[in-house]
DNA sequence: AATCAGAATGAGAATTGTTTTCAACAGCTA
DNA sequence: TAGCTGTTGAAAACAATTCTCATTCTGATT
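Protein chains in written order, with my numbering: chain A, 97 to 241; chain B, 97 to 241.
Following this line, the structure appears as structure tokens:
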């Protein structure tokens with residue numbers, strides 16, 4: 097997605113929540129975009145200097161509420177953030193139980209469709225309204241093996 | 097699984113880690129077993145009186161390392177614990193984004209097998225050694241709708 | 001049974017990722 | 001420019017979790 101287009105959509109999303117797309121928030125989005133993988137707050141602070149820690153935490157909450165970014169929690173010490181799927185594509189996570197790193201991956205369309213169908217069936221049975229599904233593979237990444 | 101059998105297996109798992117199956121740990125397992133659903137530490141403390149908070153935290157770590165219990169992290173404030181799958185059965189979680197509650201569910205065998213296959217393929221491609229997969233449905237539970 | 005060494009416990013202190021506070025600042029509107 | 005409102009940065013506050021340490025328990029050995 098082009099940067100302008102992305103910025104336009106984010107502006108819209110934020111305005112829906114009566115929030116502005118400020119310089120600090122732009123910097124956050126730029127960082128997440130440049131990384132292309134889920135990153136921790138310390139990583140964000142390192143990668144983009146000049147951002148105050150409190151503002152990063154606060155703005156990530158704002159951006160998450162607006163649906164711009166997604167928060168990923170693992171057993172690791174830090175939460176991770178990445179751009180929301182609407183700005184990237186539907187995907188899942190490989191979580192390394194050794195180093196804590198999180199890597200994106202996608203299922204092929206057929207497997208994804210089959211999974212979706214099975215999940216919708218289940219949800220209907222128990223009266224659960226589905227917002228999203230999360231599929232993680234936990235194990236050891238190539239680096240840690 | 098019968099209580100005795102369960103206790104035997106847990107004793108073995110703990111001994112492999114040079115740990116004892118003490119009274120406090122038995123109480124934890126009993127509580128998790130009685131609940132049958134993932135529970136938070138506060139819930140455990142409420143449900144089984146007499147347990148010290150520090151011991152509960154400590155023992156859950158020990159039990160997790162031994163593979164007796166599984167820790168579940170969500171966006172909720174508290175981590176949740178349940179008996180490991182080897183003592184129950186393979187299952188997944190419905191996570192209510194409103195109240196934070198976590199409910200177990202299972203996929204039918206066919207869907208599960210298809211998912212497994214797709215995941216193993218992916219893992220092989222990226223050189224990832226799979227320990228487990230986690231599948232969560234995030235949404236709103238029947239109570240919160 | 002008595003002893004002894006190491007492990008486990010309980011109460012509270014310490015740690016640490018995250019949230020909140022609040023005074024100063026920026027951006028918009030008139 | 002003046003005034004209002006939302007945002008920022010630094011530091012304090014918060015809270016789930018972990019650690020400390022003195023005491024108690026366990027269980028192997030005599």
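All residues carry an ideal CB built from backbone N, CA and C; glycine is no exception. On a predicted model such as this, the values are computed, not experimentally measured, just so you know.
Original post:
From residue 105 of chain A to residue 137 of chain B, what distance separates their C-alpha atoms?
Top reply: Position 9 of the first chain, counted from the start, is the residue given in the question as residue 105 of chain A. Position 41 of the second chain, counted from the start, is the residue given in the question as residue 137 of chain B. Going by the C-alpha atoms only, they are around 41 Å apart.
Original post:
For residue 106 of chain B, which residues in chain A fall below 9 Å Cβ to Cβ?
Top reply: Within the second chain, numbered from 1, the residue matching residue 106 of chain B stands at position 10. None at all; the shortest Cβ gap to chain A is about 21 Å.
**OP:** Go through the stretch 154–222 of chain A residue by residue and report every complete run of the beta strand (DSSP E) that reaches 3 residues or more, in order.
**Re:** 165–168, 176–179, 188–192, 198–201
Original post:
Given that residue 234 of chain B touches chain A, what residues does it touch there, using C-beta distances under 8 Å?
Top reply: By 1-based counting over the second chain, the position of residue 234 of chain B is 138. Within 8 Å Cβ-Cβ: 226, 227, 228, 229, 230.
Original post:
For residue 127 of chain B, is the classification buried or exposed, using 16 other Cβ atoms within 10 angstroms of its Cβ as the cut-off for buried?
Top reply: For the purposes of this step, residue 127 of chain B is identified with residue 31 of the second chain, where counting begins at 1. Buried is the call here.
**OP:** Would you mind stating whether residue 158 of chain A and residue 110 of chain A have Cβ atoms separated by less than 9 Å?
**Re:** Against the first chain, residue 158 of chain A aligns to sequence position 62. Against the first chain, residue 110 of chain A aligns to sequence position 14. In this structure, residue 110 of chain A lies closer than 9 Å to residue 158 of chain A by Cβ.
Subject >> Element boundaries [alpha helix (DSSP H), containing residue 236 of chain B] >> reply: In the second chain, residue 236 of chain B corresponds to position 140, counting from 1. Run containing residue 236 of chain B: none in the alpha helix (DSSP H); it sits in the beta strand (DSSP E), 225–236.
Subject >> Where the alpha helix (DSSP H) through residue 143 of chain B begins and ends >> reply: Counting from 1 along the second chain, the entry for residue 143 of chain B is found at position 47. Run containing residue 143 of chain B: 137–143, per the alpha helix (DSSP H) assignment.
**OP:** Identify whether residue 132 of chain B lies in helix, strand or coil by the three-state DSSP scheme.
**Re:** Locating residue 132 of chain B in the second chain gives position 36, where the first residue counts as 1. In the structure shown, residue 132 of chain B sits in coil (DSSP, three-state: anything other than H, G, I, E or B).
Subject >> Interface partners of residue 167 of chain B on chain A, CB under 8 Å >> reply: Walking along the second chain from the start, residue 167 of chain B turns up at place 71. Simply 171.
**OP:** Select from A:219, A:135, A:226, A:223 the residue whose C-alpha is nearest the C-alpha of residue 174 of chain A.
**Re:** As a first step, residue 174 of chain A is located in the first chain; it is residue number 78 there, counting from the start. Ranking A:219, A:135, A:226, A:223 by Cα distance to residue 174 of chain A puts A:135 first.
**OP:** Using a Cβ cut-off of 7 Å, pull out every chain B residue sitting near residue 204 of chain A, in sequence order please.
**Re:** Looking up residue 204 of chain A in the first chain gives position 108. Near residue 204 of chain A (Cβ distances below 7 Å), the residues of chain B are 214.
**OP:** Within its chain, find whatever has a CB closer than 6 Å to the CB of residue 121 of chain B; leave out the 5 residues flanking it on each side and keep chain order.
**Re:** By one-based count along the second chain, residue 121 of chain B stands at place 25. The residues are 155.
**OP:** Kindly list the residues whose CB is nearer than 6 Å to the CB of residue 189 of chain A, restricted to its own chain and excluding five residues on each side of it in sequence; keep chain order.
**Re:** Against the first chain, residue 189 of chain A aligns to sequence position 93. For residue 189 of chain A, where only same-chain residues beyond five positions count, the Cβ hits under 6 Å are 198, 232.
Original post:
Which chain A residues sit within Cβ distance under 7 Å of residue 150 of chain B?
Top reply: Along the second chain, one-based indexing puts residue 150 of chain B at 54. By Cβ distance, chain A contributes nothing, its closest Cβ being about 20 Å from residue 150 of chain B, past 7 Å.
Original post:
Apart from the five residues on each side of it in sequence, which residues of its chain come closer than 8 Å, Cβ to Cβ, to residue 151 of chain B?
Top reply: Along the second chain, one-based indexing puts residue 151 of chain B at 55. Correct list, in chain order: 120.
Original post:
If you draw a straight line from the alpha carbon of residue 217 of chain B to that of residue 129 of chain A, how long is it in whole angstroms?
Top reply: Start at 1 with the first residue of the second chain, and residue 217 of chain B comes out as number 121. Start at 1 with the first residue of the first chain, and residue 129 of chain A comes out as number 33. One C-alpha to the other measures close to 27 Å.
Original post:
Which same chain residues, not among the five before or five after residue 225 of chain A, have their C-beta less than 8 Å away from its C-beta?
Top reply: Stepping through the first chain from its first residue, residue 225 of chain A is reached at position 129. Around residue 225 of chain A: 219.
Original post:
So what's residue 110 of chain B in DSSP terms, helix, strand or just coil?
Top reply: Counting from 1 along the second chain, the entry for residue 110 of chain B is found at position 14. Of the three classes helix, strand and coil, the one that applies to residue 110 of chain B here is helix, per DSSP.
Subject >> Proximity to residue 112 of chain B [Cα-Cα], best of B:162, B:178, B:209 >> reply: Within the second chain, numbered from 1, the residue matching residue 112 of chain B stands at position 16. When each option's Cα is compared against that of residue 112 of chain B, the closest is B:162.
Subject >> Euclidean distance between Cα positions of residue 204 of chain A and residue 212 of chain B >> reply: Residue 204 of chain A sits at position 108 when you count from the first residue of the first chain. Residue 212 of chain B sits at position 116 when you count from the first residue of the second chain. Straight-line Cα distance between these residues: approximately 13 Å.
**OP:** Counting only the same chain and skipping the five closest in sequence on each side, list residues whose C-beta sits under 7 Å from that of residue 196 of chain A.
**Re:** For the purposes of this step, residue 196 of chain A is identified with residue 100 of the first chain, where counting begins at 1. So the qualifying residues of the chain are 170, 172.
Subject >> Proximal residues to residue 115 of chain A (C-beta, below 6 Å), its chain only, five neighbours per side dropped >> reply: In the first chain, counting from the first residue as 1, residue 115 of chain A sits at position 19. Only 158 meet the Cβ criterion.
**OP:** Indicate the three-state DSSP secondary structure (helix, strand or coil) for residue 120 of chain B in the structure shown.
**Re:** By 1-based counting over the second chain, the position of residue 120 of chain B is 24. Three-state result, residue 120 of chain B: helix.
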